[in-house]
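Asker: Here you go, one structure.
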């Protein structure tokens, strides 16, 4: 099933990489709880004491109330739209220890793909991007490579080749 | 961002999430996401509105009913809701702690 084809336009891995920034990829997330993980991840885009940080964090917490974005096989996709975000952006974080993230299978979460979009996503890239992320990590081999990636280049190669 | 402005932005984000949870439910569920907690979001909305000044809440609801989105960002001294110029004085300390509205369209302004 081509899950990235949600809006009628399939998204390629290379295209998805446009939304990632090497500076917004961390390979050793220290947090072990959901609250701390989300806070640490949002800190990558806005200082912890800023209004933007709080607004984005509130939005992600609300999204978790709608239903946990921690799915199965150690992966979570916190996502949502906020006025505090000016363009579609993706953040990657990996926890080697694992985070208690209320995942659907009850297992610790290791891979976090955070997708943030502005309310006015006219190109309608948000859902296709989310679909492409989900599609990629469903593959056991690619997911294993993401678990072992030691740099942004190794991370990006998974999406280019996947 | 002053506290009331922050709550208004969070309220708009939440309203959009509630709307999309219904409109995109099928797509999100196909991706394997649980979007069953809309009632929880409504409770969160009620808690958020309790923190808002009554006049700000009423204005928010009026603007949301009229435009869909009540809060518009300001970029290059322009309201991105109606593309009208915003007085440069809006950025001065005189307005610190105050919620500012677009003089042209009435939308609540968010200064990123």
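Protein chains in written order, with my numbering: chain H, 1 to 162; chain R, 1001 to 1112. Glycine included, each C-beta is placed from N, C-alpha and C at the ideal position. A quick note: this is a predicted structure, and the numbers were derived from the prediction, not measured.
Determine the direct distance from the alpha carbon of residue 58 of chain H to that of residue 152 of chain H, and round the result to whole angstroms.
Answerer: 28 angstroms
Asker: With 16 as the cutoff for other CB atoms within 10 Å, does residue 147 of chain H come out buried or exposed?
Answerer: Using a 10 angstroms sphere on the CB of residue 147 of chain H, the tally of other CB atoms stays under 16, which defines it as exposed.
Asker: If you draw a straight line from the alpha carbon of residue 1 of chain H to that of residue 131 of chain H, how long is it in whole angstroms?
Answerer: Residue placement at residue 1 of chain H is flagged as unreliable, the pLDDT there being 40, under the threshold of 50; the coordinate-derived value follows with that caveat. Spanning the two alpha carbons is a distance of roughly 11 angstroms.
Asker: Taking the DSSP output, what are the residues bridged to residue 240 of chain H?
Answerer: The structure shown does not extend to residue 240 of chain H, since chain H is modelled only from 1 to 162, so the question has no answer here.
Asker: Report whether the distance from the Cβ of residue 30 of chain H to the nearest heavy atom of the ligand SAM is below 8 angstroms.
Answerer: As presented, the structure is devoid of all ligands, the ligand SAM included, so that no description of it is given.
Asker: Give the C-beta separation of residue 83 of chain H and residue 1012 of chain R to the nearest angstrom, bearing in mind that I take them to be a contact with Cβ-Cβ under 8 angstroms.
Answerer: Correct: roughly 6 angstroms between the Cβ atoms.
Asker: Which of the three DSSP states is assigned to residue 84 of chain H in this structure?
Answerer: The three-state secondary structure of residue 84 of chain H, taken from DSSP, is coil.
Asker: Quick one: does residue 1084 of chain R have its CB under 9 angstroms from some CB of chain H?
Answerer: no
Asker: Using beta carbons (cut-off 9 angstroms, strictly below), is residue 2 of chain H in contact with chain R?
Answerer: Low confidence applies here, because residue 2 of chain H scores a pLDDT of 41, under 50, leaving its location unreliable and the question unanswered by this model.
Asker: With residue 1109 of chain R as the anchor, note down where its alpha helix (DSSP H) starts and where it stops.
Answerer: Run containing residue 1109 of chain R: none in the alpha helix (DSSP H); it sits in the beta strand (DSSP E), 1108-1110.
Asker: At 7 angstroms on the CB atoms, spell out the chain R contacts of residue 67 of chain H, in chain order.
Answerer: 1033, 1034, 1035, 1036 and 1037
Asker: Report the partner residues of residue 70 of chain H according to the DSSP bridge assignment.
Answerer: Answer is H/76.
Asker: Grab me the residues of residue 156 of chain H's own chain with a C-beta within less than 6 angstroms of its C-beta, minus the 5 sequence neighbours each way, in chain order.
Answerer: 17
Asker: Quick one: Cα of residue 118 of chain H to Cα of residue 1044 of chain R, how far?
Answerer: 21 angstroms
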